[in-house]
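Numbering (full-length UniProt numbering), first residue to last: 47 to 661.
A quick write-up on the structure given underneath.
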Ligand code: ADP
Ligand code: MG
């Protein structure tokens with residue numbers, strides 16, 4: 047992550063990112079400028095490719111007059127010369143083949159390596175975004191980003207290849223062939239070259255239309271990808287609700303839009319080579335007219351063959367340049383969409399002089415913290431003050447949507463408060479390096495996020511610097527009461543748990559997530575409804591384990607179950623943006639149960655009951 051000055055007011059916002067699709071058309075050059083550093087980094091491969099292209103054009107320049115000579119030998123039926131010239135011709139053809147192949151191989155090497163670097167950079171930038179980028183109302187969907195990094199990056203590779211393979215090699219070939227033609231007959235050359243401006247005009251006109259169509263096609267396929275990314279992980283839900291038909295309709299609508307946009311683009315693209323080809327035939331017929339005008343007598347059949355061959359090889363680069371221009375226009379939206387992700391600046395930024403937190407005790411202070419998601423959104427936290435001593439356990443209750451998870455997000459600096467400060471051991475978290483802050487806060491989140499991989503890999507998550515400490519993994523699994531079920535899995539700790547831990551039950555996933563947070567050995571542990579999916583026996587065991595851990599950790603427990611809440615020394619209710627402490631003595635099973643019995647288990651009611659000391 048690059049350190050960015052936090053006073054930079056020109057950071058693009060998400061609105062900016064989205065509005066870029068509507069901004070007036072700049073400048074293809076601006077778009078391609080972004081590619082230049084990545085292309086320059088591949089200069090060795092590019093130079094090698096271009097050297098090969100020189101060799102290829104050189105052999106072609108020798109080849110063309112030889113073809114002319116060869117045809118005149120056929121005129122005279124001279125067997126010895128036939129074999130001699132044939133051998134030279136063969137060698138030249140082979141040299142051209144090798145040089146052209148090497149040219150393409152080197153240029154592909156450069157293009158694909160450049161795209162690899164861009165992909166790595168884009169992903170690094172995406173991971174450096176703040177949560178708002180994904181969660182915010184105007185956020186970019188994960189499916190869209192996945193599409194940009196996979197398919198659109200591949201399109202950009204094709205564009206870069208076209209660009210590199212055209213600029214120097216085609217220009218070289220064009221000028222070599224033009225020289226040959228001029229040497230044979232300047233008048234005929236000029237007559238047949240008259241079509242070139244027409245080709246250029248047609249291609250320029252079609253190119254601009256193609257760019258617009260390509261942008262629409264990009265958006266439609268990105269929508270399709272976003273949709274699939276959303277619906278496939280929710281497969282169980284779709285089946286359980288018999289929503290296959292409804293989802294089929296939604297898919298068909300999106301797929302049809304994509305079909306329509308793509309077809310429009312492809313039809314336009316198919317048009318271009320045919321136009322160029324037609325113009326080639328036009329130039330040949332103009333050549334015939336030229337021959338009638340210019341005396342044929344001064345032309346040997348050899349020169350004629352050389353001339354027509356040169357014209358063919360002259361049209362080839364013109365066609366290539368046209369195609370490359372086309373591809374550049376087609377690839378422009380993909381380049382823009384990819385580089386938008388690089389240019390985008392997160393709003394939660396690590397300070398340039400941020401420090402590392404060492405040996406954190408775990409004292410937490412929230413000073414007058416206010417926060418809302420977005421400028422015109424209601425405040426979720428309103429002037430919140432809280433002091434948690436090191437090693438203390440504090441519980442938070444409150445109605446769903448009360449802001450408990452938001453409090454955790456602020457503590458992890460996934461968002462910055464609108465006003466107020468959060469301090470860990472008297473260090474304002476704004477002055478602490480992200481990595482150091484987040485390493486010191488172990489989170490078991492509500493969403494039970496697991497990755498495909500083995501049980502052990504999930505518990506020892508992202509310990510890339512060293513080998514996963516299996517002893518520690520097992521120890522933490524035991525504490526989280528997960529060891530027993532893990533041992534019963536087919537391969538124990540080496541069992542693959544499927545994408546997002548699909549092969550595990552909700553309670554099992556939660557216990558793995560708890561073990562993972564414990565493995566991290568943070569001094570502050572946050573359990574955001576981490577035991578909600580456990581049965582009461584497992585919950586009791588996890589609770590006992592947590593009680594042991596509480597001795598040397600600061601623990602923030604967000605829970606609804608009374609037993610869990612009662613583990614804490616202090617209990618708070620978070621509702622309507624305000625935090626209120628409830629005297630622990632007012633919490634008892636009797637009032638909880640009486641509320642259960644009367645069917646009033648709304649936490650709002652529970653809060654009122656607690657506050658009024660209802661027993
Ligand atoms: P809790 O964890 O207490 O159930 P949350 O902290 O998740 O509640 O949410 C608090 C409020 O903030 C809710 O009203 C919710 O709708 C809103 N909220 C949560 N996340 C976002 C978001 N990314 N963008 C906009 N509003 C959000
Ligand atoms: Mg929550």
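No residue lacks a Cβ here, since even glycine has one placed at the ideal position from N, Cα and C.
Is it buried or exposed, residue 417, if we count other Cβ atoms within 10 angstroms and call 16 or more buried?
buried
Under 8 angstroms, with one C-beta from each stretch per pair, do the stretch 127-137 and the stretch 163-175 reach the 3-pair mark?
no
Whole angstroms are fine: how far does the CA of residue 265 sit from the CA of residue 67?
The predicted position of residue 67 is uncertain, since its pLDDT is 41 and thus under 50; a value taken from the coordinates is nonetheless stated next. Taking the straight line joining both Cα atoms gives about 10 angstroms.
Are the beta-carbon atoms of residue 376 and residue 216 separated by less than 8 angstroms?
no
Rounded C-alpha distance that separates residue 440 from residue 415:
18 angstroms
So the beta strand (DSSP E) residue 617 belongs to, where does it begin and stop?
616-621
Determine the contact status of residue 332 and residue 237, defining contact as a CB-CB distance below 8 angstroms.
yes
Can you check DSSP and say which residues form a bridge with residue 93?
Per DSSP, none; premise fails for residue 93.
Range of the contiguous beta strand (DSSP E) that encloses residue 285
Segment 281-286 is the alpha helix (DSSP H) holding residue 285; no beta strand (DSSP E) there.
Is residue 452 close to ligand 1? I mean its beta-carbon at under 7 angstroms from any heavy atom of the ligand.
yes
Which runs of the beta strand (DSSP E) spanning at least 3 residues fall entirely within the stretch 507-592, listed in chain order?
570-574
Using the three-state DSSP reduction, which class does residue 488 fall into: helix, strand or coil?
strand
Measuring from the CB of residue 493, is there a heavy atom of ligand 2 at a distance below 7 angstroms?
no
For the 8 angstroms Cβ check, are there 3 or more pairs between the stretch 533-548 and the stretch 384-395?
no
Assigned secondary structure, residue 148 (DSSP; H/G/I helix, E/B strand, else coil):
helix
Between the C-alpha atoms of residue 630 and residue 384, what's the straight-line distance to the nearest angstrom?
54 angstroms
For residue 96, count neighbouring C-beta atoms within 10 Å of its own C-beta (all shown protein chains included) and say buried if the count is 16 or more, exposed if not.
buried
So, is residue 401 buried or exposed, given that buried needs 16 or more other C-beta atoms within 10 angstroms?
exposed
Below 6 angstroms CB to CB, which residues in the same chain sit around residue 189 once its five sequence neighbours on both sides are set aside?
271, 272 and 275
For a quick check, are the C-beta atoms of residue 311 and residue 380 less than 8 angstroms apart?
no
Does at least one heavy atom of ligand 2 sit under 7 angstroms from the Cβ of residue 575?
yes
May I have the straight-line CA-CA distance separating residue 257 from residue 378, to the nearest angstrom?
7 angstroms
Residues in the same chain with beta-carbon distance under 7 angstroms from residue 254, minus the five sequence neighbours each way, listed in chain order, please.
375
Strictly by DSSP, which residues pair up with residue 441?
603 and 617
Under the three-state reduction of DSSP, which class applies to residue 384: helix, strand or coil?
helix
Every unbroken alpha helix (DSSP H) within the stretch 381-420, with a cutoff of 4 residues, ordered by chain
none
Residue interval of the alpha helix (DSSP H) (run including residue 448)
No alpha helix (DSSP H) contains residue 448, which DSSP labels as neither H nor E.
How big is the Cα-Cα spacing for residue 209 and residue 370?
6 angstroms
Indicate, with yes or no, if ligand 3 has a heavy atom lying under 7 angstroms from the CB of residue 95.
Ligands present in the displayed structure are limited to ligand 1 and ligand 2, and ligand 3 is not among them.
Same chain only: Cβ atoms within 6 angstroms of residue 602, ignoring 5 sequence neighbours per side
440 and 572
In this structure, how does DSSP classify residue 72 when only helix, strand and coil are distinguished?
Its pLDDT being 45, under 50, residue 72 is placed unreliably by the model, and the measurement read from it follows with that caveat. Note: residue 72 maps to coil in three-state DSSP.
Since residue 178 and residue 498 are thought to touch, with beta carbons under 8 angstroms apart, how far apart are those beta carbons, to the nearest angstrom?
Not really, about 27 angstroms apart at Cβ, beyond 8 angstroms.
Return helix, strand or coil for residue 213, following the three-state DSSP convention.
helix
Around the Cβ of residue 86, are there at least 16 other Cβ atoms within 10 angstroms (buried) or fewer (exposed)?
exposed
For the pair the stretch 218-226 and the stretch 355-371, tell me if three or more CB-CB distances fall below 8 angstroms.
yes
In whole angstroms, what separates the C-alpha of residue 595 from that of residue 288?
45 angstroms
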